[in-house]
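Start counting the sequence shown at 202; every next residue gets the next number (this note's numbering).
Since the structure comes first, as structure tokens, the remarks are kept for the end.
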Amino acid sequence: MPGGVNSPARAFGGVGGEPIFFVRGEGAHLFDIDGNRYLDYIGSWGPMILGHNHPRVLAAVQAALARGTSFGAPTEAESELAELIIEAVPSIERVRLVNSGTEATMSAVRLARGFTGRDVIVKFAGNYHGHVDALLVAAGSSAATLGVPNSPGVTRGTAQDTMVLAYNDPASLERAFAEHGQQIAGVIFEPVVGNMGCVVPTPQFLTALTGLTAKHGALLICDEVMTGFRVAYGGAQSLFGFSPDLTTLGKIVGGGLPVGAYGGRAEIMDHILPAGKVFQAGTLSGNPLATAAGIATLQVLRETGVYEQLEARSAQLATGLAAAAKDAGVPHTLARVGSMMTLFFNAEPVTDWTSASHSDVSRFARYFWELIARGVYMPCSQFEALFVSAAHSSDDIEATIAAAREALVRLA
Ligand code: KE4
């Protein structure tokens with residue numbers, strides 16, 4: 202396998218050394234092939250909000266398994282998961298299940314273009330939306346120009362229809378709409394960024410996003426693949442009180458099995474085949490095992506009021522990490538929304554990719570390995586968010602803070 206992995210995020214490129222191979226997860230812990238136990242703060246990059254091997258999820262998948270793994274035909278479970286999503290996210294009136302976050306964002310971009318008849322998509326530097334050609338684009342020579350490919354294989358023809366702007370910069374979005382307003386099909390953004398580390402949108406940025414797309418007839422695509430059911434049961438849009446035209450989901454909505462989803466207003470979604478003419482399809486979409494895991498996960502999240510516990514544990518961790526860094530004299534800022542957060546090795550607040558890129562990534566790498574040595578598995582990149590699960594106990598958090606305190610002192 203290229204690089205020995207099936208996704209580059211887990212190849213330890215940002216911290217050096219060889220990726221750890223795991224054999225088992227249980228609650229807040231992962232166990233590697235050498236028998237070492239770690240407190241897990243990656244949680245499979247977000248899906249494992251209940252912790253590994255939650256009994257309700259395990260039982261649901263085992264029951265589905267006994268009935269068969271895939272039919273390629275409608276099942277009630279798909280409707281049940283769709284209804285849970287629609288109930289959780291009021292801006293979603295119709296939803297289509299797919300197999301990954303990438304499929305969700307790729308489909309939402311195609312739908313925005315099909316619905317508006319326009320070509321240009323706006324995204325933001327430091328936001329990642331999966332390996333969609335149209336979104337693997339870097340900022341052009343100046344922010345207002347159209348994008349340039351940032352991966353071999355993405356053609357200039359593809360990149361020319363994507364514009365990359367600075368996150369949290371309402372003025373640049375204003376200028377883009379002033380110059381290209383009638384060509385913009387959609388604006389896609391992370392409503393709390395996880396992919397440059399945790400970055401929180403300003404109210405002014407959110408107002409510009411909702412106001413300018415509405416004014417110019419472009420669709421606002423809220424990429425909640427990471428934040429959906431993470432920062433709140435209704436996602437970041439419920440936290441910040443806005444209503445996008447389309448929402449993409451993934452990760453938690455599949456409970457650790459492959460599910461992505463995109464949804465929005467009926468008048469938009471009904472353009473999707475077979476209701477409308479925008480093509481999108483998938484052999485395993487709505488798969489019985491994956492929908493069983495997703496339904497069980499959302500049912501636990503919905504019934505047990507787990508967000509209060511996640512908030513308490515996450516606040517405990519954030520407070521402890523910041524105090525440890527301060528006491529060690531290590532320049533840092535910490536950003537958190539709910540149970541996703543990032544300790545930046547950066548004295549300045551991180552508000553966009555430019556400020557994020559000033560972080561001390563070599564110091565982060567040393568911190569990562571000092572924590573590995575103490576049985577704590579943090580995201581293997583400064584530009585990722587860590588995730589607290591419902592399985593992390595107060596004692597687990599205290600143990601993590603103690604390990605971080607020892608690690609940070611060695612970095613000063
Ligand atoms: P997937 O295709 O990996 O399921 O989802 C793509 C995606 C879309 N949108 C957002 C906001 C995302 O965070 C992601 C995927 N996130 C990365 C980690 N930051 C997944 C890890 C990986 O690529 O292995």
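In this text, a Cβ means the ideal position worked out from N, Cα and C, and glycines have one as well.
The nearest non-hydrogen atom of the ligand KE4 is less than 7 Å from the C-beta of Y329. Within its own chain, the residues whose Cβ lies closer than 6 Å to the Cβ of A283, once the five positions on either side in sequence are excluded, are V296, listed in chain order. In terms of Cβ geometry, S486 and N300 form a close pair [threshold 8 Å]. Per DSSP, A497 lies in no beta strand (DSSP E); the unbroken alpha helix (DSSP H) holding it starts and ends at 489-504.
Taking the CA atoms as reference points, E219 sits about 45 Å from R376. Beta bridge pairing from DSSP links E549 with no other residue. A direct Cα-to-Cα measurement between M307 and F316 gives close to 14 Å. Annotation: H533 to H417 spans about 40 Å, alpha carbon to alpha carbon.
Under the rule that a run must span 3 or more residues, the beta strand (DSSP E) segments found entirely inside the region 269-356 read 295-299, 321-325. Taking Q583 as reference, the option from R311, L407, S560, T359 with the minimal CA-CA separation is S560. Bounds of any alpha helix (DSSP H) do not take in G226; it lies within the beta strand (DSSP E) bounded by 223-227.
Under the three-pair Cβ rule at 8 Å, the region 223-233 counts as touching the region 581-597. Relative to P459, the option among L240, D241, T270, I385 whose CA is nearest is T270. Assignment of F569 by DSSP, reduced to helix, strand and coil, places it in the helix class. Counted as a single uninterrupted DSSP element, the alpha helix (DSSP H) harbouring G412 occupies residues 404-417.
Excluding residues up to 5 positions away in sequence, M427, R431, K452, I453, F588 lie with their Cβ nearer than 7 Å to the Cβ of G247 in the same chain. If you look at H230, you'll find it isn't in any alpha helix (DSSP H); it sits in the beta strand (DSSP E) that goes 230-233. Contact between Q384 and D334 does not hold, since the beta-carbon distance rounds to 19 Å and is not under 8 Å. The DSSP-derived three-state label of G382 is helix. Put simply, the backbone Cα of V258 is about 7 Å away from that of G456. The beta carbon of A212 sits closer than 6 Å to the beta carbons of G204, V206, P220 from its chain, once the five residues preceding and following it are set aside; these are given in chain order. Y434 sits away from L447, with the two beta carbons spaced by 8 Å or more.
Sixteen is the threshold: when 16 or more other Cβ atoms of the shown chains lie within 10 Å of the Cβ of I496, as they do, the residue is buried.
For the ligand KE4, a non-hydrogen atom lies closer than 7 Å to the CB of N396. In its chain, beyond the 5 residues on either side, G327, N328, Y368, V400 have a beta carbon closer than 7 Å to the beta carbon of V394.
Between L421 and T411, the CB-CB gap stays under 8 Å.
Take the alpha-carbon of A289 and the one of H255: they are about 21 Å apart.
Judged by DSSP in its simplified three-state form, Y578 adopts strand. Taking 7 Å as the cut-off, one finds at least one heavy atom of the ligand KE4 near enough to the beta carbon of W246. Leaving aside the five residues that flank F378 on each side, the residues in its chain whose CB is nearer than 6 Å to its CB run, in chain order, L413, H417. Within its own chain, the residues whose Cβ lies closer than 8 Å to the Cβ of F545, once the five positions on either side in sequence are excluded, are G398, H533, T534, L535, A536, V551, A557, S560, Q583, listed in chain order.
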